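Each remark here refers to the structure printed beneath this line.
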Amino acid sequence: MMLISHESMEQVLESAAILVNLGLPARKLLAEAVEATGVKRKQLSKAAKDLETAGFLFVRDSGNLWESQFELVPTLAGEEALEALDEK
1034 MMLISHESME QVLESAAILV NLGLPARKLL AEAVEATGVK RKQLSKAAKD
1084 LETAGFLFVR DSGNLWESQF ELVPTLAGEE ALEALDEK
């Protein structure tokens, strides 16, 4: 695995452990965002907020005054943590 966001495999494994602790909904959302290079949602779920707090997801408000919409884009740290889980 080529590391871009993390400096060592230990850091990647720590991030993977954090991702596991966030739960299955968060992992599924991150996997969907990585696969599609970003997804759009009308509301933010707890999983999306948790992933943003952990630094695995960028959340951008792309809505307007009449309609809410959020773009969820994975970070490199999130992609590397997910890849580490897939390799286990």
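Residues 1034 to 1121 (our numbering) are what the sequence shown spells out, left to right.
Glycine included, every Cβ here is placed at the ideal spot set by N, Cα and C.
On a predicted model such as this, the values are computed, not experimentally measured, just so you know.
Buried or exposed (CB count within 10 angstroms, at least 16 for buried), Thr1070: By one-based count along the sequence shown, residue 1070 stands at place 37. Answer is exposed; the Cβ neighbour count stays below 16.
Simplified DSSP state of Leu1105, which is helix, strand or coil: Locating residue 1105 in the sequence shown gives position 72, counting from the first residue. Reduced to three states, the DSSP call for Leu1105 is strand.
Three-state class that DSSP yields for Lys979 in the structure shown: Because the chain spans 1034 through 1121 in this model, residue 979 falls outside it and cannot be assessed.
Straight-line gap, Lys1075 to Leu1046 (C-alpha atoms, nearest Å): The count along the sequence shown starts at 1 and reaches residue 1075 at position 42. The count along the sequence shown starts at 1 and reaches residue 1046 at position 13. Approximately 32 Å between the Cα atoms of the pair.
Close Cβ partners of Glu1112 (< 6 Å) along its chain, the five nearest in sequence each way excluded: Here the question's residue 1112 lines up with position 79 in the sequence shown. Hits under 6 Å: Val1067.
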